[in-house]
Amino acid sequence: MMAPAAAELDVELHLLAGSAEASAAQVIARTTLGDHRSVEDVLAFAAAVDVVTFDHEHVPDDVLAALAGAAVPMHPGPQALVHAQDKLSMRRAVERLGLPNPRWAAVSSVEELVAFGGEAGWPVVLKTPRGGYDGKGVRIVDDAASADEAADWFSRAAEQGTPLLAEEKVPYTRELSAQVARSAAGEVRVYPVVESLQTDGVCDVVTAPAPVAVDDREGAERLREAAQIAATLAEELDVTGMLAVELFEIADGERAGVHVNELAMRPHNSGHWSMDGAVTGQFEQHLRAVLGLPLGATDPIAGPRSTTVMKNILGGAAEDLHAESLEAMRAAPTAKIHLYGKQPRPGRKVGHVTVVAPGGETGADVAATRRTAEETARRIAEGIESR
Numbered sequence: 016m017m018a019p020a021a022a023e024l025d026v027e028l029h030l031l032a033g034s035a036e037a038s039a040a041q042v043i044a045r046t047t048l049g050d051h052r053s054v055e056d057v058l059a060f061a062a063a064v065d066v067v068t069f070d071h072e073h074v075p076d077d078v079l080a081a082l083a084g085a086a087v088p089m090h091p092g093p094q095a096l097v098h099a100q101d102k103l104s105m106r107r108a109v110e111r112l113g114l115p116n117p118r119w120a121a122v123s124s125v126e127e128l129v130a131f132g133g134e135a136g137w138p139v140v141l142k143t144p145r146g147g148y149d150g151k152g153v154r155i156v157d158d159a160a161s162a163d164e165a166a167d168w169f170s171r172a173a174e175q176g177t178p179l180l181a182e183e184k185v186p187y188t189r190e191l192s193a194q195v196a197r198s199a200a201g202e203v204r205v206y207p208v209v210e211s212l213q214t215d216g217v218c219d220v221v222t223a224p225a226p227v228a229v230d231d232r233e234g235a236e237r238l239r240e241a242a243q244i245a246a247t248l249a250e251e252l253d254v255t256g257m258l259a260v261e262l263f264e265i266a267d268g269e270r271a272g273v274h275v276n277e278l279a280m281r282p283h284n285s286g287h288w289s290m291d292g293a294v295t296g297q298f299e300q301h302l303r304a305v306l307g308l309p310l311g312a313t314d315p316i317a318g319p320r321s322t323t324v325m326k327n328i329l330g331g332a333a334e335d336l337h338a339e340s341l342e343a344m345r346a347a348p349t350a351k352i353h354l355y356g357k358q359p360r361p362g363r364k365v366g367h368v369t370v371v372a373p374g375g376e377t378g379a380d381v382a383a384t385r386r387t388a389e390e391t392a393r394r395i396a397e398g399i400e401s402r
């Protein structure tokens with residue numbers, strides 16, 4: 016999805032991919048096949064480019080160290096990227112900066128987990144510090160009696176020489192995502208904070224900007240706080256490129272506010288709405304940032320009262336997504352369809368749909384916009400015959 020923006024900016028992309036069938040390899044002409052976990056493969060690849068950036072955080076430390084040792088420009092750099100790679104590092108950084116964290120602890124045994132649960136309250140969220148995404152590497156421990164069920168997790172963590180992360184289960188009202196771009200020159204641009212709905216731990220529907228009632232001043236203030244948290248993290252962690260800060264929002268009570276959940280230092284699923292709904296999409300913005308170019312405006316492209324809804328297309332009954340998308344296009348000409356060139360399988364992200372609704376004087380109809388996006392995605396994923 017970075018390829019169209021690169022072509023428009025006359026930037027040549029060079030891709031390191033594990034397979035010629037990878038989505039990016041299908042659209043980026045200059046592709047080298049190799050393993051991102053191999054120091055040899057990555058160094059050979061990096062010798063032919065000006066700047067290296069990453070489309071995921073799972074790059075081994077020895078590879079990053081080798082790139083740094085070879086003086087290869089990397090954006091984001093290893094000192095920033097570690098906070099997206101390692102959830103314990105992230106929690107420590109958020110705490111050091113005085114930003115709102117859930118209650119958390121590094122735990123190395125069932126006994127330490129039980130002690131944390133006794134202090135923070137049950138249930139507890141247990142996470143592997145590295146490698147988890149889309150709900151993987153996360154389990155809910157309901158009470159002290161069921162803590163022993165996580166013993167195998169502690170055994171594997173001990174083999175890897177790391178503790179696990181225990182967090183309180185935040186009683187959130189909804190999940191938010193705040194995206195910010197920071198360039199190599201230090202310029203910062205913040206996108207509208209969005210609402211993110213999850214299905215089985217996977218980002219499913221995003222509404223931009225996050226809906227807030229006209230008279231809800233506290234809600235509006237929470238969105239401003241979320242945006243400021245993202246900007247602070249980008250600057251203090253020396254991020255270059257796109258940063259997504261996932262947050263929990265608590266609307267009422269003594270703990271009302273926002274709490275940092277996780278970080279991603281790359282274009283992020285919760286920012287796909289910006290491809291069609293913002294003046295500058297996140298993929299173009301990431302390119303601008305890592306190349307030190309002036310950053311683009313992040314305003315909603317259809318005006319301040321507009322709404323953009325992004326709905327993921329998750330693999331379903333349909334095997335030929337292109338064929339199914341034809342009927343979806345006819346039924347919803349306002350929907351923008353993005354397919355990833357992936358083989359469909361149940362639950363797999365194979366594309367997304369965005370619908371932009373201008374606001375007018377009274378604001379956009381968020382519910383109707385969401386229905387259009389959801390129905391379009393369903394038509395494509397499930398097939399016409401399933402209706």
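Using the working numbering, the first residue of the sequence shown is number 16, and each one after it goes up by one.
Glycine included, C-beta positions come from ideal geometry on N, C-alpha and C.
Sheet register partners of residue i (DSSP bridge)
i	result
S289	In DSSP, S289 forms no bridge with anything.
E264	R189, V273
G256	R197
T369	M325, K351
A223	T323
Q213	C218
T68	The partner list for T68 (beta bridge, DSSP) is empty, contrary to what the question assumes.
T46	L30
Where residue i sits in the DSSP three-state scheme
i	result
N116	coil
A382	helix
M344	helix
T387	helix
L30	strand
L179	strand
A396	helix
A242	helix
R154	strand
L308	coil
V125	helix
E23	helix
M16	coil
A421	In this structure the chain extends from 16 to 402, so residue 421 is not present and cannot be described.
R360	coil
R204	strand
Delimiting residues of the beta strand (DSSP E) encompassing residue i
i	result
I328	322-329
L302	It is not in any beta strand (DSSP E) - L302 instead sits in the alpha helix (DSSP H) that spans 297-305.
V139	139-142
Nearest neighbour of residue i, chosen from the options [CA to CA]
i	options	result
R394	G375, A346, E376	A346
V109	V209, E183, L48, L278	L278
P348	P361, A225, S340	S340
R118	S124, L103, V125	L103
P19	D291, A235, R171, L238	D291
I328	T322, Q358, A372, D70	Q358
P75	G146, R111, Q41	G146
H283	T391, E23, S211	S211
A242	P361, V273, V254, T222	V273
M17	E36, A35, A162, A40	A40
V209	E233, V217, D230, R239	R239
A246	A130, A86, H73, R204	R204
A177	E334, P144, D167	The sequence shown places Thr at residue 177, rather than the Ala named in the question. Of the candidates E334, P144, D167, the one whose C-alpha sits nearest the C-alpha of T177 is P144.
Element boundaries [alpha helix (DSSP H), containing residue i]
i	result
H98	93-100
Min CB distance residue i to chain B below 9 angstroms
i	result
E202	No chain B appears in this structure, which consists of one protein chain only.
Touching by the beta-carbon criterion (3+ pairs, under 8 angstroms), the segment 251-266 and the segment 174-189: yes
Contact between the segment 315-335 and the segment 41-61 (3+ Cβ pairs under 8 angstroms): no
The segment 299-308 contacting the segment 20-36, beta-carbon criterion three pairs below 8 angstroms: yes
contact_flag[the segment 119-139, the segment 243-262] where n(CB pairs < 8 angstroms) is 3 or more: no
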